[in-house]
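Numbering (my numbering), first residue to last: 1 to 256.
Please read the structure below before turning to the comments.
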Amino acid sequence: MKIASYNVNSIRVRLPLLLDWLSKNHIDLLCVQETKVQDKDFPAEAFEQNGYNCIFKGQKSYNGVAILSRYQAGQLHFGFEDEPTDGPRLIRAQLNAITVVNTYVPQGVATDSEKFRYKLRWLERLLAFFKKNFDKKDPVLWVGDLNLARLPIDVYDPERLSGHVCYHPEVTRRLEKIMQWGFVDLFRQHCTEPRQYTFWDYRLPNAVKRHLGWRLDYIMATKSLADKSTNCYIDKQPRLADRPSDHTPIIAELKI
DNA sequence: ATGGTCGGCAACCGA
């Protein structure tokens, strides 16, 4: 089973490229973020014609998450139970005997912004959500654009960028609490190399060539699932060709 | 050089 996560920055613009990439990489389950489309305009037919079931929750202009998979979905939940308005940032689905949680964590804008407080609260609510709904022995995949670099090797200049909203002690501390609850970072289980990024800011000239990147996209698994993981890697083609997204996909392979 | 460029959507906001 091949699982992937990709922040598409508009699923409608990325549609032809995405369909091509899905088939060439034999992806069974793709978690998508920043679809930037209302549900009534989601291009579900195009994916269905290629054998993928679509689960999605979006809104006008911003955010939006989707799960495209070769499996029939069981129970679905959108957003946190107590805050369904966060639907365009969190989808939980029962797929192939696994629970998949696809998240698009708030970016945070600036540390003095109310949106940064929202990001910190959001990560706290996510931990409460996992604790309330699952046992750490359950087969759970937590996938998505987490808008944070976990370790110093996950960002191009850890000294200078420490304190940035995506690499801030208050943020990484909250992530580690979620990890401690019961998640394994599948990429780091298979690869300890530095400079392995999934995001390059396209406002910086030649960011990919200059290795000015961040690892912001993750596939996390509870221990029982992580033990079945045979590989996890970042897509070879940075930014997927001529119409770039800031992000590139991350892929995990599981023996199930 | 706190810049730069995308995408949505129709003026700027978010990243």
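Where a beta carbon is used, it is the ideal one built from N, C-alpha and C, also for glycine.
With a 10 Å radius around the Cβ and a threshold of 16 neighbouring Cβ atoms, N102 comes out buried.
In the three-state reduction of the DSSP assignment, N7 falls in the strand class. Judged by DSSP in its simplified three-state form, F116 adopts helix. Contact check between the segment 48-58 and the segment 126-143: fewer than three CB pairs, one atom from each, fall below 8 Å, which does not count as touching.
Going by DSSP, I178 is part of the alpha helix (DSSP H) stretching over P169 to G182. DSSP, reduced to helix, strand and coil, places G87 within a helical segment of the structure shown. Separation of the CB atoms of S10 and K36 is rounded to 5 Å, and the pair is thereby assigned contact status at 8 Å.
Around the beta-carbon of N7, 16 or more other beta-carbon atoms lie within 10 Å, marking it buried. If you check the CB distance, D145 and Y104 come in under 8 Å.
Distance from the Cα of T222 is smallest, within the candidate group D138, L161 and P205, for D138. Per the Cβ contact rule, the segment 169-180 is not in contact with the segment 53-72 (fewer than 3 Cβ pairs under 8 Å). Excluding sequence positions up to five before and after W122, its CB lies within less than 6 Å of the CB of P106, all in the same chain and listed in chain order.
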